[in-house]
Ligand SMILES: Cc1cc2nc3c(=O)[nH]c(=O)nc-3n(C[C@H](O)[C@H](O)[C@H](O)COP(=O)(O)OP(=O)(O)OC[C@H]3O[C@@H](n4cnc5c(N)ncnc54)[C@H](O)[C@@H]3O)c2cc1C
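Numbering (our numbering), first residue to last: 187 to 544.
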């Protein structure tokens with residue numbers, strides 16, 4: 187294990203922020219992780235775990251140790267007539283893993299094509315797109331507890347998955363390094379076309395003619411038409427979550443803004459009384475931001491993407507302060523106009539607390 191010093195993170199965050207870490211360590215095996223956990227000097231440094239850097243915003247240079255998870259490999263660990271269980275190391279690229287599953291004709295992750303980042307980070311925020319979340323195909327994950335170096339298995343329930351959330355973003359944040367994820371994929375045809383834009387794109391196919399590859403290609407085409415490629419223009423994907431509001435708030439908002447964009451979701455939990463409606467509504471954050479006039483706006487080197495108001499982009503050597511200030515300005519104007527609180531989606535990495543709010 188070689189600890190590098192004064193290491194540039196410019197190529198390790200898809201926003202392309204020009205920041206550096208005091209120390210950097212690439213973790214290439216389980217042994218590396220255990221050695222790190224048992225090294226009294228290294229394990230005493232403030233740290234941050236990093237995968238592909240596509241869902242993080244560094245608030246400034248990181249005066250601690252960046253642990254870059256680079257474990258590779260995948261294997262089939264169980265197989266039946268209907269299912270296959272694929273165990274994938276945390277450092278594998280997510281999209282390449284999707285392409286591998288798609289090439290085998292296995293169903294389950296095709297709607298999650300082209301999401302940047304690593305397999306190990308995917309459960310952290312329960313990645314989702316086009317009507318599917320990783321929790322839908324999740325079997326279990328393995329993770330090393332940083333304080334002991336011991337490996338634990340987390341089954342689905344223990345991960346407490348929710349919309350862009352899991353236990354690893356909340357009460358277990360910064361306590362574990364995920365080393366592998368096992369996906370349960372289906373061998374039988376099972377297209378998920380609940381997302382209307384995807385369904386429209388695939389109208390020409392009878393549903394029994396669909397394959398994971400056809401759906402994956404359609405998802406890639408849709409994504410490429412509206413999301414900036416981080417290789418060409420720095421960004422961290424959606425900068426805000428779609429806010430979830432209750433029925434009465436939603437009704438009053440819709441009365442004022444009949445053209446409001448939203449998705450209706452069923453509430454979880456058993457608080458519903460007989461005959462009572464108990465829905466929640468996911469508001470389209472992009473629409474709210476767009477209505478406040480932000481699309482295309484800039485602040486210093488950072489801007490709001492012209493084709494998708496939910497995405498902040500690095501137009502010219504953006505600084506972390508500019509990113510955070512523009513995000514705060516957007517939050518304020520959405521709060522003032524709609525009374526809705528936007529929550530940041532990428533993790534803000536700063537030494538005091540990586541999970542703090544803007
Ligand atoms: C263009 C673009 C499009 C995107 N589209 C989507 C989308 O459609 N849906 C969606 O859900 N997300 C999307 N994202 C966000 C992002 O791709 C995902 O959240 C992805 O899972 C992050 O992976 P990563 O390896 O880059 O994680 P990083 O950004 O490196 O890390 C994210 C968090 O996970 C932690 N972490 C990373 N690896 C590990 C590990 N092995 N063990 C423990 N903790 C770890 C980090 O400490 C950090 O808190 C998009 C991002 C971009 C840039």
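For each residue, glycine too, the CB sits at the ideal point set by N, CA and C.
Because the structure is a prediction, the values reported are computed rather than measured.
Please list, in chain order, all residues of the same chain as residue i whose beta carbon is under 6 Å from its beta carbon, the five residues on each side excluded.
i: residue 419; result: 499
i: residue 380; result: 317
i: residue 402; result: 288, 296 and 299
i: residue 205; result: 195, 244 and 247
i: residue 427; result: 350, 529 and 531
i: residue 353; result: 345 and 346
i: residue 228; result: 222
i: residue 369; result: 272 and 323
i: residue 197; result: none
i: residue 233; result: 250, 251 and 253
i: residue 314; result: none
i: residue 283; result: 274 and 305
i: residue 560; result: Outside the displayed span of the chain (187 to 544) sits residue 560, for which this structure offers no information.
i: residue 457; result: With a pLDDT of only 39 at residue 457, under the threshold of 50, the placement of this residue in the model should not be trusted, and no figure is reported.
Kindly list the residues whose CB is nearer than 7 Å to the CB of residue i, restricted to its own chain and excluding five residues on each side of it in sequence; keep chain order.
i: residue 484; result: 501
i: residue 472; result: 494, 495 and 496
i: residue 454; result: Confidence is the limiting factor: at residue 454 the pLDDT is only 49, short of 50, which leaves the residue's position unreliable and the question unanswerable from this model.
i: residue 505; result: 486 and 487
i: residue 399; result: 288
i: residue 524; result: 439 and 474
i: residue 408; result: 383, 384 and 387
i: residue 414; result: 421, 491, 497 and 499
i: residue 258; result: 275, 277 and 278
Less than 8 Å between C-beta atoms, sequence neighbours within five positions excluded: which residues of the same chain meet that for residue i?
i: residue 526; result: 429, 431, 439, 469, 474 and 520
i: residue 302; result: 200, 238, 240, 280, 281, 416 and 423
i: residue 459; result: Note that residue 459 scores 44 on pLDDT, short of 50, meaning its location in the model is unreliable; the coordinates nonetheless yield the value given after this. Contacts found: none.
i: residue 265; result: 271
i: residue 186; result: The shown model of the chain, from 187 to 544, leaves out residue 186, and the question about it has no answer.
i: residue 537; result: 232, 248, 249 and 250
i: residue 341; result: 325 and 326
i: residue 189; result: 209, 210, 211, 228 and 251
What residues are listed by DSSP as bridge partners for residue i?
i: residue 391; result: Answer is none; residue 391 lacks a bridge partner.
i: residue 273; result: 261 and 368
i: residue 511; result: BP columns for residue 511 are empty, so no partner.
i: residue 533; result: 242
i: residue 191; result: 209
i: residue 451; result: 466
i: residue 314; result: 319
i: residue 252; result: 210 and 234
i: residue 304; result: 279
i: residue 293; result: 372
i: residue 500; result: 420 and 488
i: residue 363; result: 330
Three CB pairs or more closer than 8 Å across the segment 207–224 and the segment 252–262: Contact between the segment 207–224 and the segment 252–262 is present: 3 or more CB-CB pairs across the two stretches fall below 8 Å.
Uninterrupted beta strand (DSSP E) stretches inside the segment 469–498 (no shorter than 3 residues): Correct list: 488–490.
Are at least three pairs of beta-carbons, each pair with one atom in the segment 323–342 and one in the segment 359–373, less than 8 Å apart? Inter-segment contact for the segment 323–342 and the segment 359–373 is present: three or more beta-carbon pairs are separated by less than 8 Å.
Only counting runs of 3 or more residues, tell me where the beta strand (DSSP E) segments fall wholly within the segment 412–449, in order along the chain. As far as the segment 412–449 is concerned, its whole beta strand (DSSP E) runs of at least 3 residues are 420–424 and 430–432.
As an exercise, report each continuous beta strand (DSSP E) stretch of at least 3 residues that is fully enclosed by the segment 205–247, in chain order. List check, beta strand (DSSP E) in window: 206–213, 233–236 and 242–244.
Three or more beta-carbon pairs under 8 Å between the segment 223–234 and the segment 325–334, yes or no? Yes, the segment 223–234 is in contact with the segment 325–334.
Quick check: the segment 431–442 against the segment 464–472, are there 3 or more CB pairs under 8 Å? With three or more CB-CB distances shorter than 8 Å, the segment 431–442 counts as touching the segment 464–472.
Ordered list of alpha helix (DSSP H) runs contained in the segment 324–361, each at least 4 residues: Here no run is fully enclosed.
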